[in-house]
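Take a look at the structure set out below.
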Amino acid sequence: MKYLKAILIEKLIDFFEKDYRRINHAISVLFECEQIIKKKKYYDTDLVTACALLHDVGIKESEKILGYNDGKTQEQYGPKIAEKILKKIKFPGHKIIIVKQLDYCQPSLTL
Ligand SMILES: [Fe+2]
Numbered sequence: 003m004k005y006l007k008a009i010l011i012e013k014l015i016d017f018f019e020k021d022y023r024r025i026n027h028a029i030s031v032l033f034e035c036e037q038i039i040k041k042k043k044y045y046d047t048d049l050v051t052a053c054a055l056l057h058d059v060g061i062k063e064s065e066k067i068l069g070y071n072d073g074k075t076q077e078q079y080g081p082k083i084a085e086k087i088l089k090k091i092k093f094p095g096h097k098i099i100i101v102k103q104l105d106y107c108q109p110s111l112t113l
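Residue numbers (our numbering): 3 to 113.
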């Protein structure tokens, strides 16, 4: 998807507003993932970008509703938010399903 990284970073900034720590963390995770996939033969850049940048979006909702967050609450709130953001940018539906599954089942993506 053309300009996906820039578009998603813009959406992430809109979402996290002034929470620079979380924005910076998501971009750092994306950078690390990009280093890893350089060594791989088969990968989907758009999926890696979406998963890396959106992997912590459940934190904000969890903290708003519950007053705290952990891995379980991120799993609870994150996929729906990631889906909403990705639908807004017309990310392909079949890839949204994968992002929702991967983002919250891959602890190795969390740095
Ligand atoms: Fe994280």
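Every residue, glycine too, gets a C-beta built ideally from N, C-alpha and C.
Annotation: Ile25 to Glu85 spans about 18 Å, alpha carbon to alpha carbon. CA-to-CA, the gap between Lys66 and Ile9 works out to about 25 Å. In this structure, the CA atom of Gly95 is about 8 Å from the CA atom of Lys89. Taken from the Cβ of Asp58, at least one heavy atom of ligand 1 lies inside 7 Å. Here Asp72 carries a coil assignment [DSSP, helix/strand/coil].
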